[in-house]
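Written out below as structure tokens is the structure these notes cover.
Residue numbers (the numbering used here): 305 to 360.
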């Protein structure tokens, strides 16, 4: 998921350089959403790992 966020971020940068502001803004929004979803999943899995690790 972070790979897709990075891809959309790069697409946003390239589109911004070439003046396609609408495409750049859309790609930036998608990258931002994917990044925060990946971050939330990471936090959940870290919490789960500590919870399972402490019960063993």
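All C-beta atoms in this analysis are idealised placements derived from N, C-alpha and C, irrespective of residue type, glycine included. Small disclaimer: the values here were computed from a predicted structure and weren't measured.
Separation of residue j from residue i, as counted between CA atoms
i: residue 324; j: residue 354; result: 45 Å
i: residue 322; j: residue 347; result: 36 Å
i: residue 349; j: residue 359; result: 15 Å
DSSP-derived helix/strand/coil call for residue i
i: residue 320; result: helix
Integer-rounded CB distance, given that residue j should sit under 8 Å from residue i
i: residue 309; j: residue 335; result: 5 Å
i: residue 331; j: residue 312; result: 5 Å
i: residue 342; j: residue 317; result: So it is not a contact: roughly 19 Å between Cβ atoms.
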